[in-house]
Amino acid sequence: MRRAPRVRGAVLLVAVLAGIAGALEEYVPLLAQSTGVGVPAVPSLVLLVMAGMAVGGWLAGRGTRWAAPALAVAAGCLAAGALSGHPAGMVLVAAAFGILEWAMAAAEARLQDRVSDRARATVTSMASLGAEVVAILVFAAYALGSVWVGPAPLFALAAAACLALAPALWRTG
89 MRRAPRVRGA VLLVAVLAGI AGALEEYVPL LAQSTGVGVP AVPSLVLLVM
139 AGMAVGGWLA GRGTRWAAPA LAVAAGCLAA GALSGHPAGM VLVAAAFGIL
189 EWAMAAAEAR LQDRVSDRAR ATVTSMASLG AEVVAILVFA AYALGSVWVG
239 PAPLFALAAA ACLALAPALW RTG
């Protein structure tokens, strides 16, 4: 991994993408509640997002050459859905999380293709460790940001980070 820049880049991409998506998933209930629905409706909106993720996982492996533009679309959906302030915006959030799930699978598959069998366990572990570190940084940023703004702008900022990853995903293709 130290001598293979393509592997390093793929590990970093997987770590950042998985870390952001994994951490944001924890805040979906807060985003749902911020749309103005009553507390009893929040689980339904969360279920919608989880269904989007399930569809993204189901589609994993299909059309992966489109992962970079799809990630850009996901960023737009996430920002627009979060900033809409309306429960219907959660449909866009669900689509974004589905695309993120699908793009993560594509990035992980590309990483697996780049490493030898001997190094696969170590490289995968490094990517997982990196994802945990990124998730902790996202948790800290969300906590700090929530002092000043609500969930919608914080999700929009995370969407900007996802948009910034799209060119990297394009390069690793």
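Letter 17 of the sequence shown, counting from 1, is numbered 105 in the working numbering, and no numbers are missing. Where is the CB? At the ideal position from N, CA and C, for every residue including glycine.
| task | Less than 8 Å between the CB atoms is what I'm expecting for I187 and A162, so what's the real figure, rounded? | result | Position 99 of the sequence shown, counted from the first residue, corresponds to residue 187. Position 74 of the sequence shown, counted from the first residue, corresponds to residue 162. Between A162 and I187 the Cβ distance is about 4 Å, and since that is below 8 Å, they are a contact.
| query | Quick one, which of H174, M178, A249, G124 has its alpha-carbon nearest L135's? | reply | As a position in the sequence shown, residue 135 is number 47, starting the count at 1. Of H174, M178, A249, G124, the residue nearest in Cα terms is M178.
| task | Would you give the residue range spanned by the alpha helix (DSSP H) that G169 belongs to? | result | Counted from its first residue, the sequence shown places residue 169 at position 81. Counting along the chain, the alpha helix (DSSP H) containing G169 begins and ends at 155-172.
| request: Go through the region 95-131 residue by residue and report every complete run of the alpha helix (DSSP H) that reaches 4 residues or more, in order. | output: The region 95-131 contains these whole alpha helix (DSSP H) runs: 116-122.
| message | Going by DSSP in three states, M89 sits in which element: helix, strand or coil? | response | As a first step, residue 89 must be located in the sequence shown, where it is residue number 1. Note that M89 has pLDDT 48, beneath the 50 cutoff, so the model's placement of it is unreliable and no number is given.
| Counting pairs of Cβ atoms below 8 Å between the region 152-160 and the region 113-120, do you hit three or more? | These segments do not touch.
| query | CA-CA distance, V265 and P175? | reply | This structure does not reach residue 265, given that the chain is present from 89 up to 261, and the question cannot be answered.
| message | For the structure I just gave you, are there three or more beta carbon pairs, one from the region 223-232 and one from the region 197-214, closer than 8 Å? | response | No, the region 223-232 is not in contact with the region 197-214.
| field | Own chain residues within Cβ distance below 6 Å of A247, not counting five before or after | value | Translated into the one-based positions of the sequence shown, residue 247 becomes position 159. Once the five neighbours on either side are set aside, the close Cβ partners of A247 are A163, L166, A167.
| query | So, helix, strand or coil for W258, using DSSP? | reply | As a working note, residue 258 is residue 170 in the sequence shown. DSSP places W258 in the helix class (H, G or I) of the three-state scheme.
| Proximity to L31 [Cα-Cα], best of V237, L245, R198 | There is no way to answer for residue 31, as the model of the chain reaches only from 89 to 261.
| query | By the 10 Å Cβ neighbour count, where 16 or more other Cβ atoms means buried, how is A231 classified, buried or exposed? | reply | Residue numbering aside, residue 231 sits at position 143 when the sequence shown is read from its first letter. The residue in question, A231, is exposed, as its Cβ has fewer than 16 Cβ neighbours within 10 Å.
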